[in-house]
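*Asks:*
In UniProt numbering, the protein residues as written are 1 to 425.
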């Protein structure tokens, strides 16, 4: 009896979230000790047994800029994942991440040490979160060392580069996941399902709207596609990818682009801040994408399924605390798919669902502040998908033909932008 009772009170310490939290178990009670100011999760015995059965996944991170903060935070919420190391050209970027997440125990290295770090047999995968200009080089370097890769969009800046990444992954029999986060959002996934189950009949129009607020910093714009139109290659790429995903990589027949620069600060750098893009498909679909760098209101996404007999709205509310070193944007996104039997709309998410109706009028809460708020869950989902791919439980949902079609449309759109005419595929 004593032995059985003694066994119950022996504490079991479990290291989760890269060593940021220790969960101490006494019987059926749980409490924490030595907790760092990061994500805290208390687990039950059933989860502990599950965790014991999981093979630990060791992940390295290349690039410690603004988006790394999002992905590293999400790593802490995936059981059985360890952060192995951080790599960046700037020591201050590594130190900032280490301070913010209390990761002083995680070593940081300059990028020139990367090749040696990839020789570690215990390393399972790498998040490539560096500048787009080095994505292809670093992706292929990691893949050739037999490690899985999650890369922020896009995997390269040309069709040849993107194709090379996928070919390398195929040759090495390794996982390659590109971070097109909208695919992993619940509203967009329901839009996709409704579109393909015939609920609105034959699709006729697809309209996409994306609007930033406030404008990105000049420093950020200087780091984006200086040879082309970064409004297309950096911002509209999400709309283009979602269009490709929705149409199952159908090749358009033509594209026509019109742009303008409205704000004086943007004129100096020659950065367009408004674009309208029209695409025509041989199937009869006409798609329109409008993107603006600055809007004076909040982050707006809607999902509606409008038919003769049914009208519904699906809204997903997400929130995320503000980071001390991430710039935030207020954005509006609208997605409308019109068919001969009805319409689907992805629209605004607000901070709360409260609506006030009075004699003087109706009011609602503010729109969500930034893309980080709206797609918080989508960012988590895409990283969980990557880890499941590393564990062999899922296959990458971002396909080679889709990634190539997304960039083909971007290249044709840039050609139309330069020549100011319709470009055919």
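Beta carbons: idealized from backbone N, C-alpha and C, even for Gly.
Since the model is a prediction, treat every value here as computed from it, not as a measurement.
Is there contact here, the region 248-267 with the region 165-174, by at least three beta-carbon pairs under 8 Å?
*Replies:* The region 248-267 vs the region 165-174: no contact.
*Asks:* Return the bridge partner residues of residue 192 from the DSSP annotation.
*Replies:* Beta-bridge pairing links residue 192 to no other residue.
*Asks:* Cutting at 8 Å between CB atoms, please list the residues of its own chain near residue 164, excluding the five before and the five after it.
*Replies:* Contacts found: 136, 140 and 156.
*Asks:* Nearest by alpha-carbon distance to residue 79: which of 87, 89, 54 and 278 is it?
*Replies:* Residue 54 is the option with its Cα nearest to residue 79.
*Asks:* Where does residue 90 land, buried or exposed, given buried means 16+ other C-beta within 10 angstroms?
*Replies:* Counting Cβ neighbours within 10 Å, residue 90 comes out exposed, since fewer than 16 surround it.
*Asks:* If you draw a straight line from the alpha carbon of residue 74 to that of residue 379, how long is it in whole angstroms?
*Replies:* Distance between the alpha carbons of residue 74 and residue 379 is about 8 Å.
*Asks:* Here's the rule I'm using: 16 or more other beta-carbon atoms within 10 Å means buried, otherwise exposed. How should residue 127 be labelled?
*Replies:* Looking at its Cβ environment, which holds 16 or more other Cβ atoms inside 10 Å, residue 127 is buried.
*Asks:* Tell me whether residue 425 sits in a helix, a strand or coil according to DSSP, three-state version.
*Replies:* It is coil, neither helix nor strand.
*Asks:* Taking all protein chains shown into account, decide if residue 99 is buried (16 or more other Cβ within 10 angstroms of its Cβ) or exposed.
*Replies:* Under this definition residue 99 is an exposed residue.
*Asks:* Taking C-beta to C-beta, are residue 130 and residue 60 nearer than 7 Å?
*Replies:* It is not a contact, given that the beta carbons lie outside the stated cut-off.
*Asks:* How would you call residue 291, buried or exposed, if buried means at least 16 neighbouring beta carbons within 10 angstroms?
*Replies:* Counting Cβ neighbours within 10 Å, residue 291 comes out buried, since at least 16 surround it.
*Asks:* What are the start and end residues of each continuous alpha helix (DSSP H) run of 4 or more residues lying completely inside the region 241-274, in chain order?
*Replies:* With a minimum length of 4 residues, the continuous alpha helix (DSSP H) runs that stay inside the region 241-274 are 264-269.
*Asks:* Considering only DSSP beta bridges, list what residue 178 is partnered with.
*Replies:* DSSP output for residue 178 lists 151 as bridge partner(s).
*Asks:* Return helix, strand or coil for residue 344, following the three-state DSSP convention.
*Replies:* Strand, per DSSP.
*Asks:* Do the CB positions of residue 432 and residue 287 come within less than 7 Å of each other?
*Replies:* In the structure as shown, the chain starts at 1 and stops at 425, and residue 432 therefore has no counterpart that could be examined.
*Asks:* Quick check on the burial criterion: 16 or more other C-beta atoms within 10 angstroms. Buried or exposed for residue 374?
*Replies:* With 16 or more other Cβ atoms within 10 Å, it is buried.
*Asks:* Please determine, among 77, 134, 101 and 220, the residue with the shortest C-alpha to C-alpha distance to residue 111.
*Replies:* Nearest of 77, 134, 101 and 220 to residue 111, Cα basis: 134.
*Asks:* DSSP puts residue 276 in a beta bridge; with which residues?
*Replies:* Answer is 258 and 290, bridged to residue 276.
*Asks:* Quick one: residues in its chain with C-beta nearer than 6 Å to the C-beta of residue 70, no 5 flanking neighbours on either side, listed in chain order?
*Replies:* Only 379 meet the Cβ criterion.
*Asks:* Could you name the residues of the same chain whose beta carbon sits closer than 7 Å to that of residue 184, not counting the 5 residues immediately before and after it, in chain order?
*Replies:* 378, 381, 382 and 385.
*Asks:* Quick one: what does DSSP say residue 93 is sitting in, helix, strand or coil?
*Replies:* In this structure, residue 93 counts as helix in the three-state DSSP scheme.
*Asks:* What are the partner residues of residue 426, as DSSP defines its beta bridges?
*Replies:* No information on residue 426 is available, as it lies outside the stretch 1 to 425 that the chain covers here.
*Asks:* Got a sec? Which residues, its chain only, sit under 6 Å from residue 151 by beta carbon, not counting five neighbours each side?
*Replies:* 128, 135, 139 and 178.
*Asks:* Let me check understanding here. Comparing Cα to Cα, which of 132, 284, 83 and 247 lies closest to residue 433?
*Replies:* Past the edges of the chain, shown from 1 to 425, lies residue 433, and the structure says nothing about it.
*Asks:* Is residue 339 buried or exposed, if buried means 16 or more other CB atoms sit within 10 Å of its CB?
*Replies:* Counting Cβ neighbours within 10 Å, residue 339 comes out buried, since at least 16 surround it.
*Asks:* Taking the Cβ atom as the reference point for each residue, do residue 422 and residue 415 lie within a distance shorter than 7 Å?
*Replies:* Cβ atoms of residue 422 and residue 415: not closer than 7 Å.
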